[in-house]
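So the structure is just underneath, and the comments pick up after that.
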Amino acid sequence: MLLIRKATLPVLAIILSMNNATAGNKDVTQSPPYIMRASLFEELTEHRDVVMFGDSLTARGEWHEFFNGVSLANRGIGGDTTVGMLSRIAPILAMKPKVVFIMAGVNDVAARRTAPEIVQTYQQIVNKFAEQGAEVVVQSTLYVSRRTRLSHNAVISDINADMASFCSTSKHCKFIDLNASMSPAGRLARSYTGDGVHLNGKGYMTWMKAIHPAIAQFSSNKE
Numbered sequence: 229m230l231l232i233r234k235a236t237l238p239v240l241a242i243i244l245s246m247n248n249a250t251a252g253n254k255d256v257t258q259s260p261p262y263i264m265r266a267s268l269f270e271e272l273t274e275h276r277d278v279v280m281f282g283d284s285l286t287a288r289g290e291w292h293e294f295f296n297g298v299s300l301a302n303r304g305i306g307g308d309t310t311v312g313m314l315s316r317i318a319p320i321l322a323m324k325p326k327v328v329f330i331m332a333g334v335n336d337v338a339a340r341r342t343a344p345e346i347v348q349t350y351q352q353i354v355n356k357f358a359e360q361g362a363e364v365v366v367q368s369t370l371y372v373s374r375r376t377r378l379s380h381n382a383v384i385s386d387i388n389a390d391m392a393s394f395c396s397t398s399k400h401c402k403f404i405d406l407n408a409s410m411s412p413a414g415r416l417a418r419s420y421t422g423d424g425v426h427l428n429g430k431g432y433m434t435w436m437k438a439i440h441p442a443i444a445q446f447s448s449n450k451e
């Protein structure tokens, strides 16, 4: 029994450390679903005028139906962070898009990254596209209304303020504030969400209407 206990203690320590890491810093980019999805996008590099780039909020949007006839690609992956997005930017650059619509950051906040850390990575993403001549539309990171995540909104607010300021001084970046209509009380309105983080149909329709003018501006098929 003594030998078993001695052997068990290190194992328990490893398990505890893994659980702690998962709670705060889970690296979704190492999960099989993420890797498989990213590998698909690596194969799809045909030109598109518009690219939607982000995490699950972007991935779940039926953008082809929202903007029927627009040359568009959805490059959202559930659970993604700005770090993961930066690592998979090459295939999107190869598509030579006219404009990239980005929403990111909510999963970084959940992983306990600070606003300055997130903004630094976010700006690197924007700069990568700008260097190629693509326009970038940064859509505000949406606030959340899930009780266990309400404290995240302060960090999200800082991210949005910094990215709005960054875009105001950039020739290739525009900032669209979705929270003004979707989070009027400083948290995602219940009418737009079912779980306090992700969007329902009404939420997506509100998002679509907010970016419609910008989509039409850069699309070859003017609506």
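Per this note's numbering, residue 229 is the first one in the sequence shown, and the count goes up by one each step. Ideal Cβ placement from N, Cα and C applies to all residues, glycine included.
Within the region 346-402, the complete alpha helix (DSSP H) segments at least 4 residues long are 380-396, listed from N- to C-terminus. Within the region 271-329, the complete beta strand (DSSP E) segments of 3 residues or longer fall at 278-282 and 300-304, listed in chain order.
Between residue 316 and residue 266, the CB-CB gap stays under 8 Å. Taken through DSSP and simplified to helix, strand or coil, residue 434 comes out as helix.
Within the same chain, 273, 275 and 276 come within 6 Å of residue 323 by CB-CB distance, once the 5 residues on both sides are set aside. For residue 255, the closest C-alpha among the options 289, 295, 334 and 311 is that of 311. Straight-line measurement puts the Cα of residue 404 at about 8 Å from the Cα of residue 392.
Shown here, residue 268 sits in a helix according to DSSP, grouped into three states. With a cut-off of 8 Å on Cβ pairs, the region 330-340 is in contact with the region 371-388, counting three or more such pairs. Between residue 409 and residue 369 the beta-carbon gap is near 15 Å, outside 8 Å, which marks them as no contact. The beta carbon of residue 372 sits closer than 8 Å to those of 334, 378, 380, 381, 384, 415, 416, 424 and 425, all from its chain and outside the five residues before and after it, given in chain order. DSSP, read as helix, strand or coil, puts residue 342 in coil.
Distance from the Cα of residue 314 is smallest, within the candidate group 361, 347, 420 and 296, for 347. Here the alpha carbon of residue 331 sits roughly 16 Å from the alpha carbon of residue 300.
Excluding five sequence positions before and after residue 351, the CB atoms of its chain that fall closer than 7 Å to its own CB belong to 394, given in chain order.
Ranking 269, 268 and 286 by CA distance to the CA of residue 367 puts 286 first. Minimum Cα-Cα distance from residue 278 among the listed residues 268, 364 and 353 corresponds to 364.
Of all alpha-carbon atoms in 398, 284, 353 and 440, the one lying nearest the alpha-carbon of residue 306 is that of 284. With respect to the 8 Å criterion, residue 432 and residue 289 are classified as neighbours on the basis of their beta carbons.
The beta carbon of residue 319 lies closer than 6 Å to those of 269, 270 and 273 in the same chain, with the five residues before and after it left out. With respect to the C-alpha of residue 327, the residue from 445, 439, 362 and 399 having the closest C-alpha is 362.
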